[in-house]
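Comments concern the structure below.
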Amino acid sequence: MRPWLRIFLIGFALWLATVLVTASTGNSNLVPTVVLFGSFLVPVTFVVWAHGRDHSPRVTVELLFMAFVVGGVLGVLGASLLESWLIRPSVAMYVLVGLIEEGVKLAALMFVTRRMAVRSAMDGVVLGATVGFGFAAFESAGYAFNALFAADGLSLSQLVETEVLRGILTPVGHGLWTAIAGGALFAAGGRLTGPVLLTYLGVSLLHALWDSMSAIAIAITLVLTGRPWQFELLRIGRVPHVSAWQVHVYTLLNWAGLIVISLVALAWLWTITSSAHRDDEILSQ
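Heads up: the sequence shown is residues 0 to 284, going by numbering that gives the first Met the number 0.
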């Protein structure tokens, strides 16, 4: 059995056992274990998988650990500080969040790998993904912790639902975007060249579209199926009731948008890794 699969299966079994014991005993001391296992399992699994696909001697276990923990924590702290003044949801807010979070992750990657004398694009992809997954793990832990608190007390079901959903979406989120940026950065020798800055803007746009997809789906749903009285209520600042059909349209549009964004990002990463492998083959001849 491959190492990444063994890690995932054992980790999932331990997480599931902890959830079941917590639910049956009501022991709140187990909640941190549920939060940590659920938030870190998928990111760690994908880091091990990515490292296994690129056996570069330059990407050591120590460097991976530094990228995941230090890069992830620095990214979360930097993003939290810079985003603290963003209050009202708006188009500008989504764009700024994308620019800030992708910027701090790229800066964290540059900091962690500042002593690497020799680097390749594939090294950048693996280490960029590691920083991104570290960011995702710590961010997911925060979301899971907040989901725990409900109006009537602690809600284990909300915590588990949040962790499952974020676990499913994690592979096509932060890790993927920072892998793209890391590949471009290392292909340029670690310098902030024009192509690197364009890549940064591109992944920031994907990030912004991802975050705003729900709002975009709502807007498109209203344009396609909205009634005059719904627009009138919106105009005076009230939230209108929606039909079951509108909910279905919204759900379809939202998930379709997320799938398209993910496919674009995966195709972009594929072009970077394909180019990197071709360059490695040429150099080895």
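Built from N, CA and C at the ideal position, the CB exists for glycine as well. None of these values were measured; they are calculated from a predicted model.
Can you tell me where the alpha helix (DSSP H) with residue i in it begins and where it stops?
i, result
"M121", "120–146"
"L191", "No alpha helix (DSSP H) holds L191; DSSP gives it neither H nor E."
"H288", "Nothing in the structure corresponds to residue 288, since the chain is present only between 0 and 284."
"T17", "2–24"
"V171", "Here V171 belongs to no alpha helix (DSSP H), and DSSP marks it neither H nor E."
"V103", "90–111"
Taking only three categories from DSSP, how would you classify residue i?
i, result
"L292", "Nothing in the structure corresponds to residue 292, since the chain is present only between 0 and 284."
"L232", "helix"
"G256", "helix"
"A150", "coil"
"S242", "coil"
"V58", "coil"
"A218", "helix"
"R237", "coil"
"T270", "helix"
"A116", "coil"
"R277", "helix"
"G225", "coil"
Express the C-alpha separation of residue j and residue i in angstroms, rounding to a whole number.
i, j, result
"F39", "V30", "14 Å"
"A183", "V195", "6 Å"
"F45", "A140", "17 Å"
"L4", "V41", "11 Å"
"I235", "W228", "11 Å"
"L13", "S203", "35 Å"
"G127", "L76", "17 Å"
"G172", "V259", "13 Å"
"P239", "R226", "10 Å"
"N26", "L15", "15 Å"
"A107", "V96", "16 Å"
"S154", "T129", "31 Å"
"L175", "L223", "32 Å"
"V58", "V124", "11 Å"
"V33", "L205", "30 Å"
"V248", "A255", "10 Å"
"W209", "L257", "6 Å"
"I219", "Q157", "28 Å"
Looking only at C-alpha atoms, which of the options sits nearest to residue i?
i, options, result
"I215", "E231, A186, T250, L95", "T250"
"M65", "Y93, I179, F134", "F134"
"L265", "Q245, A178, A149", "A178"
"G70", "V111, E101, D122, A49", "V111"
"T272", "S119, L164, Y199", "S119"
Determine the burial state of residue i: buried for a count of at least 16 other Cβ atoms within 10 Å of its Cβ, exposed for fewer.
i, result
"M212", "buried"
"L105", "buried"
"F185", "buried"
"H54", "exposed"
"D151", "exposed"
Closer than 8 Å, CB to CB, is residue i near chain C or not?
i, result
"W209", "The chain labelled as chain C is not found in the depicted structure, where only one protein chain is given."
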